[in-house]
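Notes follow once the structure below has been shown.
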Amino acid sequence: MQPRSMKKSLNAIYTRMEKHYGPTHWWPGDSPFEIAIGAILTQNTAWSNVEKAIVNLKQKNLLCPRRMIATPLEELETAVRPSGYYRQKTKRLLTFCEYLIARHQGSMAQMGKRPVAELRDDLLALNGIGQETADDILLYACEKPIFVVDTYTKRILSRHGLAEENISYHDLQKIFHTNLAMDVALFKEFHGLIVYTGKDFCRSLPRCESCPLQDLL
DNA sequence: GACCAGGCACATC
DNA sequence: GATGTGCATGGT
Numbered sequence: 043m044q045p046r047s048m049k050k051s052l053n054a055i056y057t058r059m060e061k062h063y064g065p066t067h068w069w070p071g072d073s074p075f076e077i078a079i080g081a082i083l084t085q086n087t088a089w090s091n092v093e094k095a096i097v098n099l100k101q102k103n104l105l106c107p108r109r110m111i112a113t114p115l116e117e118l119e120t121a122v123r124p125s126g127y128y129r130q131k132t133k134r135l136l137t138f139c140e141y142l143i144a145r146h147q148g149s150m151a152q153m154g155k156r157p158v159a160e161l162r163d164d165l166l167a168l169n170g171i172g173q174e175t176a177d178d179i180l181l182y183a184c185e186k187p188i189f190v191v192d193t194y195t196k197r198i199l200s201r202h203g204l205a206e207e208n209i210s211y212h213d214l215q216k217i218f219h220t221n222l223a224m225d226v227a228l229f230k231e232f233h234g235l236i237v238y239t240g241k242d243f244c245r246s247l248p249r250c251e252s253c254p255l256q257d258l259l
C-alpha cells in the first residue's frame, strides 16, 4: 500500500470511529501510577476484572509504589486476585514498583522527564512488561508520543486489508508512526477508539453488521 | 460448561 | 524464529 493511501485509510478509520463514539477519554485512571498498574493488570484480561482489583487496591490505599512494596505478599495477592493470573501479576506490580523507586524516586512525574527510548528499554527489561504494556505506560501514564498496538489494532487493520495478519508489533506500530502526526492526544484517542470498536465489533469473522467501519474500504 | 478477554515468559524444535 | 504452553478470574 502506498503511504498516501495508508494515510487516507487511517484517517477514514479514525473519522468513522470518532463519529460513532465521540471522545473516549481513554485510558481510565485517576493518576499516572494507577494507569501503569492497570496496564499490567489488564494483560490478557477483561477490563471489568481489572476494575475490581483496582478498587481493592484503592480501598487498601495501595496505589503508591512504596506502600505497595511494603505490603505483605498475601495481602497484595488477595487484592489483585479478581484480575486473574494474580500470582504472576502481583510479582509484576512489585517489579515495576521497585524499578520506579530505584530509578525515579518512586515518582511517575520524575520518570516522565526521561527520554522515551530510554524508558522503553528500561520497561522491556523488566520481567512481565512486554511491548504493549510498555507502550501503554509510556503513552497514557508518561504522555509520550508512542502508539499502542494491541490485538484489536492488528485485527482491525488486517480485516480491512491494511496489514498482513501476522505483521509484527514493530511493523504495525511503524504504520501509525509514519502516517500520523506524532501527537500524544491523537495517539491516545485513536487507540481508545480502536479498543471501543474492537470490543463492540470485529470479534467474529467476517465483519459484523452495524460496525462503524462497515463498507469503509 | 465452554469459551473468551487489550499479554508475557519460557521451553522446545 | 516459529510454535506451544502455563498462568486464573469473571462474564456471556
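One gets our numbering by counting positions in the first sequence from 1 and adding 42 to each. No residue lacks a Cβ here, since even glycine has one placed at the ideal position from N, Cα and C.
Check, Outcome
"Give every residue of the same chain whose Cβ lies closer than 7 Å to the Cβ of residue 140, excluding the five residues on either side of it in the sequence, and list them in chain order.", "111"
"Taking only runs of the alpha helix (DSSP H) that begin and end inside the segment 96-146, which ones reach a length of at least 4 residues, in chain order?", "107-112, 115-122 and 128-146"
"Here's the rule: buried if 16 or more other CB atoms are within 10 angstroms of the residue's CB, otherwise exposed. What is residue 45?", "exposed"
"Can you grab the Cα-Cα spacing for the pair residue 68 / residue 220, in whole Å?", "22 Å"
"Output the residue ranges of the alpha helix (DSSP H) runs that lie fully inside the segment 190-254 and measure 4 residues or longer, sorted by chain position.", "193-201, 211-221 and 226-242"
"Pull up the distance between the alpha-carbon of residue 153 and that of residue 215, whole angstroms please.", "23 Å"
"Can the beta-carbon of residue 168 be found less than 8 Å from the beta-carbon of residue 189?", "no"
"CA-CA distance, residue 230 and residue 106?", "24 Å"
"Taking the alpha carbon of residue 196 as the reference point, which residue from 172, 236 and 228 has its own alpha carbon closest?", "236"
"What is the DSSP secondary structure of residue 256, reduced to helix, strand or coil?", "coil"
"When you compare only the Cα positions, how much space is there between residue 133 and residue 121?", "13 Å"
"Does the distance from the CB of residue 226 to the CB of residue 181 come in under 8 Å?", "yes"
"Taking contact to mean 3 or more Cβ pairs, one atom from each stretch, closer than 8 Å, check whether the segment 90-97 and the segment 114-128 are in contact.", "yes"
"Check residue 89 in the structure and name its three-state DSSP category.", "helix"
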